[in-house]
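Numbers in the working numbering are just positions in the sequence shown, counted from 1, shifted up by 5. Even glycine gets a Cβ: it sits at the ideal position worked out from N, Cα and C. These notes are about the structure you will find just below.
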Amino acid sequence: MPESYILIGPTAAAFAATAQKQKNLLQRVDNDITNIVDSFSHLVNVARVNDPPVTNSQEAFMMEMRAARTVQAADSLLKLVSELKQTAIFSGFAFLNEHVEQRSLEFNQQAEKTDQMLAKVGEEAAASLKQLESHYYSFIQRT
Numbered sequence: 006m007p008e009s010y011i012l013i014g015p016t017a018a019a020f021a022a023t024a025q026k027q028k029n030l031l032q033r034v035d036n037d038i039t040n041i042v043d044s045f046s047h048l049v050n051v052a053r054v055n056d057p058p059v060t061n062s063q064e065a066f067m068m069e070m071r072a073a074r075t076v077q078a079a080d081s082l083l084k085l086v087s088e089l090k091q092t093a094i095f096s097g098f099a100f101l102n103e104h105v106e107q108r109s110l111e112f113n114q115q116a117e118k119t120d121q122m123l124a125k126v127g128e129e130a131a132a133s134l135k136q137l138e139s140h141y142y143s144f145i146q147r148t
């Protein structure tokens with residue numbers, strides 16, 4: 006496969022940054038899911054009905070608090086999904102832009118090499134033409 010067709014990937018620094026970002030996002034996903042599961046299990050545990058009204062008030066407050074935490078964790082998870090979608094879209098565009106710039110650079114270098122080669126061929130053709138003309142005119146003068 007010619008060099009001009011080789012796909013050049015992201016640099017090592019970009020790869021490391023992407024790996025770190027992916028690790029952070031996975032940690033956030035794990036934390037959000039853990040918070041949702043914990044809050045929901047606590048919500049179910051607190052939802053028992055007891056006779057004393059004071060305990061029921063405390064349990065109602067705990068249920069509201071756990072429900073709020075569940076909603077916050079779910080909201081955080083939704084925001085994370087949105088961020089992941091944006092990252093996937095924009096990193097894809099960034100990679101495509103990088104690839105287009107790389108290919109453009111390769112084609113510019115190839116165009117420069119072609120221009121140099123054409124100039125060399127033109128010089129050689131001019132030198133050969135002068136040599137042929139001198140031989141032709143010297144042959145005419147001899148005859």
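Thinking just about the alpha-carbon of each residue, which of Leu-110, Glu-103 and Asn-29 is nearest to the one in Glu-88?
Along the sequence shown, one-based indexing puts residue 88 at 83. Selected option, being the one with the closest Cα: Asn-29.
Indicate whether Ser-81 and Asp-37 have their beta-carbon atoms separated by less than 9 Å.
Start at 1 with the first residue of the sequence shown, and residue 81 comes out as number 76. Start at 1 with the first residue of the sequence shown, and residue 37 comes out as number 32. Cβ atoms of Ser-81 and Asp-37: closer than 9 Å.
Only counting the same chain, and skipping five residues up and downstream in sequence, which positions put a Cβ closer than 7 Å to that of Arg-74?
Along the sequence shown, one-based indexing puts residue 74 at 69. Asn-40 and Ser-44, listed in sequence order.
Classify Ala-78 as buried or exposed, calling it buried when 16 or more other Cβ atoms lie within 10 Å of its own Cβ.
Along the sequence shown, one-based indexing puts residue 78 at 73. Buried is the call here.
How many angstroms separate the CA atom of Gln-107 from the CA atom of Gln-114?
Here residue 107 refers to the residue found at position 102 when the sequence shown is read from its first residue. Here residue 114 refers to the residue found at position 109 when the sequence shown is read from its first residue. For Gln-107 and Gln-114, the distance between alpha carbons rounds to 11 Å.
Give the straight-line distance between the Cα atoms of Gln-146 and Leu-110, rounded to the nearest whole angstrom.
What you label residue 146 is simply residue 141 of the sequence shown in a count that begins at 1. What you label residue 110 is simply residue 105 of the sequence shown in a count that begins at 1. Near 54 Å, if we compare the C-alpha coordinates of Leu-110 and Gln-146.
Indicate the three-state DSSP secondary structure (helix, strand or coil) for Ala-116 in the structure shown.
On the sequence shown, position 111 is the one that residue 116 refers to. Of the three classes helix, strand and coil, the one that applies to Ala-116 here is helix, per DSSP.
Would Glu-64 and Ala-72 be called neighbours here (beta carbons separated by less than 9 Å)?
Along the sequence shown, one-based indexing puts residue 64 at 59. Along the sequence shown, one-based indexing puts residue 72 at 67. Not in contact: Glu-64 and Ala-72 (Cβ atoms no closer than 9 Å).
Quick one: grab the DSSP three-state call for Ala-52.
Here residue 52 is taken as the residue at index 47 of the sequence shown, counted from 1. Correct three-state label for Ala-52: coil.
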